[in-house]
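Chains A and B, in that order, give the protein sequences. Each residue of the first sequence is one higher than the one before, starting from 627 at the first, in the numbering used here. Each residue of the second sequence is one higher than the one before, starting from 627 at the first, in the numbering used here.
There are 2 protein chains.
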Amino acid sequence: MTASAARAAAPSALRRARDAVTPATRDLLARLDDTSAAIAAYHLGWTDAAGVPTHGGGGKAVRPALATLSAQAAGAPAQVGIPGAVAVELVHNFSLVHDDVMDGDTERRHRPTVWAVWGTTSAILTGDAMLALAQEVLLESPSPHKAAAARLLAEATRNLIRGQVLDVAFEQRDHVSLNECLDMVSGKTGALLKASSMIGAVLAGAPAEVVSALSTFGAELGIAFQLVDDLLGIWGDPATTGKPVFSDLRSRKKSLPVTYVLSQGGPAARELASWLAVPTPNGSSPGGEAEAADLIETAGGRQWAADEARRRIEVATQALHAVPMLAGPRAELVAIAQFIVEREA
Amino acid sequence: MTASAARAAAPSALRRARDAVTPATRDLLARLDDTSAAIAAYHLGWTDAAGVPTHGGGGKAVRPALATLSAQAAGAPAQVGIPGAVAVELVHNFSLVHDDVMDGDTERRHRPTVWAVWGTTSAILTGDAMLALAQEVLLESPSPHKAAAARLLAEATRNLIRGQVLDVAFEQRDHVSLNECLDMVSGKTGALLKASSMIGAVLAGAPAEVVSALSTFGAELGIAFQLVDDLLGIWGDPATTGKPVFSDLRSRKKSLPVTYVLSQGGPAARELASWLAVPTPNGSSPGGEAEAADLIETAGGRQWAADEARRRIEVATQALHAVPMLAGPRAELVAIAQFIVEREA
């Protein structure tokens, strides 16, 4: 598949996955009380806060696409991966709803967050309910391997939470090493992308070497995903990301490009550390974010992150090519990986 | 088994269950980051807030005892039920940690709650981690029926959350019918007690009629448990319950005895409704709670709740006697049910 064919293949795979998981997720949410179901539907981008159906919205469906493609890569119909796809998307959204409460974020995808509309209690409960439903849908799968898939999901959920715990702890610390930051990212972002890339194959009963290759693919993809997220958090266009300009610098986030520069030592690292030590000024007045962005770029943080993301996608791709796998789904998995490093939002 | 033998048997079964689940839970918590593991150990009553081991503390271990006894009732060793026992206790404690955040409660079992010591973010994350671990431990069981047990637990978790959603919603409403209140209780308290009473038998691969009898037992036990909880919330001795005198009346809780009196109509119902409509006075000054307690008692609310708890325990006991089951574990299950209605804290 050429680079331009890959660019075309990814959106199609994402759209297919979203079309497949939406009705299954809708049926599942009907098991909740009306309030929790309505809140979840809003969070997933299906309705506005008054419950009126909306068009578009919602996430990119990266995780469901990985889950269904991993079933297909193992030679099974996409259908086999659907319970896994629904489950990983529910776990992802459980974590977003709880994260927004913990971070006090009032906006996500250009809309008020769940807690900002319904309060903290409803956000906690709706997140909890989505996590319970994720296990339920997986354990109702007809696959004889559903217990292994559910165990994989529970372990990934634990690692995702561990990453979030570290992320919160790092905010309180002056110094975080690059390895600590990568470890945190491998949990917070990597754990679920890794599980998503494996879960369809696990449900399909794929051989261990195939599952292992998909595990490597997903773990590397997870780090690459966060590297690109962190690049967009500094240099992303607010018009496409929907976030304020320099948003991660404004919040003094110890993101990967920042941590890289700090880890290199020297005058740039000292200057950046001094700048980070000064709290964000109140209101919307700029606090030297543009200068900090330039400093990070001059010190090589931007280039490192971009190179590292591409390198990890390369490792991920090689892992898939090292084992027998259906060529079509493999190409689509690679296309999604490319899409992730090339995205602008 | 005589009534006095039953009274002696229950504490012994509870102690055995606690001794069996504690080391298994300890091993499991070691998978968490140090912070979450320390917070969970504190919440479970094993350490103080500084991490120093404490003696005693923790819950009554009712759910783990039901889980191990249900395996034994089905003819399996208690060991078969242990992953279920650990899992239901973790789900119970996940819900307590989150509930304390949502209710803003600063004390539980005579100690500060998790969020009161470590903040809301840590409480949410520790609760989430306990829920993930609950599924993990179950899915690592050697039982060929582990997927069915994990599905049962996920469904019970969803129903428990549904009960909590209703409980929160009822606080905002003027009128709640007795049936609505019983429905809420069957979720908030009943769902996990029901699952606890079944999960060991499910792991043991018990016949459907045995699992079904244990389901009835647990569901009835759940309602009885809440009826007694609500009686203690009004007439319990603060020295044994650890809660302030008339605590449920002070918070104007629409508990089962209150809802019963309101549902009967007439002058007592109208007087109680008027009293409930006046918010709790600030500070610690009494707001007529003693008079309200007398009113509920005179109108038959106390007697109804006590009779109803005993009736439900009777139904629960009959369900167990209607199917073939090992006599020893059955007698201990009944002893725990008796213990629950006779407890004073």
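We treat Cβ as the ideally placed atom computed from N, Cα and C, and that holds for glycine.
Taking C-beta pairs closer than 8 Å, name the residues in chain B that residue i reaches, listed in chain order.
i             : result
residue 773/A : 765, 772, 773 and 776
residue 951/A : None at all; the shortest Cβ gap to chain B is about 26 Å.
residue 784/A : 657, 658, 755, 758, 759 and 762
Looking only at its chain, what residues have a beta carbon closer than 8 Å to the beta carbon of residue i, apart from the 5 residues adjacent to it on each side?
i             : result
residue 948/A : 839
residue 846/A : 938, 939, 941, 942 and 945
residue 852/B : 811, 814, 815, 816 and 882
residue 687/A : 640, 641, 643, 644, 647 and 715
residue 819/B : 688, 689, 692, 844, 845, 847, 848 and 851
residue 924/A : 894
residue 842/A : 941, 942 and 945
residue 770/A : 831
residue 857/A : 883, 928, 931, 932 and 935
What in chain A is Cβ-close to residue i, meaning under 8 Å?
i              : result
residue 1004/B : Not covered by the structure: residue 1004/B. The range shown for chain B is 627 to 971.
residue 728/B  : 746, 747, 750 and 751
So which residues of chain B does residue i contact, with C-beta pairs closer than 7 Å?
i             : result
residue 878/A : Residues of chain B passing the Cβ test: none, with the nearest at roughly 17 Å.
residue 854/A : By Cβ distance, chain B contributes nothing, its closest Cβ being about 25 Å from residue 854/A, past 7 Å.
residue 781/A : 762
List the residues of chain A that residue i touches, going by C-beta distances under 9 Å, in chain order.
i             : result
residue 723/B : Here the premise fails: no neighbours, minimum Cβ distance about 10 Å.
Please list, in chain order, all residues of the same chain as residue i whose beta carbon is under 6 Å from its beta carbon, the five residues on each side excluded.
i             : result
residue 789/A : 810, 813 and 814
residue 760/B : 713, 716 and 717
residue 832/B : 700
residue 736/A : 868
residue 720/B : 753, 756 and 757
residue 702/A : 830
residue 743/B : 675
residue 950/B : none
Which residues does DSSP pair with residue i in a beta bridge?
i             : result
residue 934/A : DSSP lists no partner for residue 934/A.
residue 733/A : 738/A
residue 679/B : 673/B
Below 7 Å CB to CB, which residues in the same chain sit around residue i once its five sequence neighbours on both sides are set aside?
i             : result
residue 854/B : 935, 966, 967 and 969
residue 785/B : 813 and 817
residue 704/A : 646, 694, 697 and 698
residue 873/B : 859
residue 802/B : 796, 880 and 885
residue 954/B : none
residue 875/B : 860, 915, 918 and 919
residue 958/B : 635, 639 and 695
| Looking at chain B, which residues of the stretch 651 to 666 of chain A have a Cβ within less than 8 Å of any of its Cβ atoms? | Flagged, chain order: 657, 658, 659, 661 and 662.
| request: Please name the residues in the stretch 736 to 770 of chain B whose beta-carbon is closer than 7 Å to at least one beta-carbon of chain A, in chain order. | output: Going along the stretch 736 to 770 of chain B in chain order, one finds 747, 750, 751, 754, 755, 757, 758, 759, 761, 762, 765 and 766 with a Cβ nearer than 7 Å to chain A.
| query | Listed from N- to C-terminal order along the chain, which residues in the stretch 787 to 814 of chain A have their beta-carbon within a distance smaller than 8 Å of any beta-carbon of chain B? | reply | So the list reads 787, 788, 790, 791, 792, 794 and 795, given in the order they occur along the chain.
| query | What alpha helix (DSSP H) runs, 4 residues minimum, are completely inside the stretch 833 to 906 of chain B? | reply | Those alpha helix (DSSP H) runs which fall completely within the stretch 833 to 906 of chain B and span 4+ residues are 834 to 861, 864 to 867, 873 to 876, 882 to 890 and 892 to 903.
| query | What are the uninterrupted segments assigned as alpha helix (DSSP H) that are 4 or more residues long and contained completely in the stretch 720 to 789 of chain A, given in chain order? | reply | Listed in chain order, the alpha helix (DSSP H) runs fully inside the stretch 720 to 789 of chain A are 740 to 744 and 746 to 765, counting runs of at least 4 residues.
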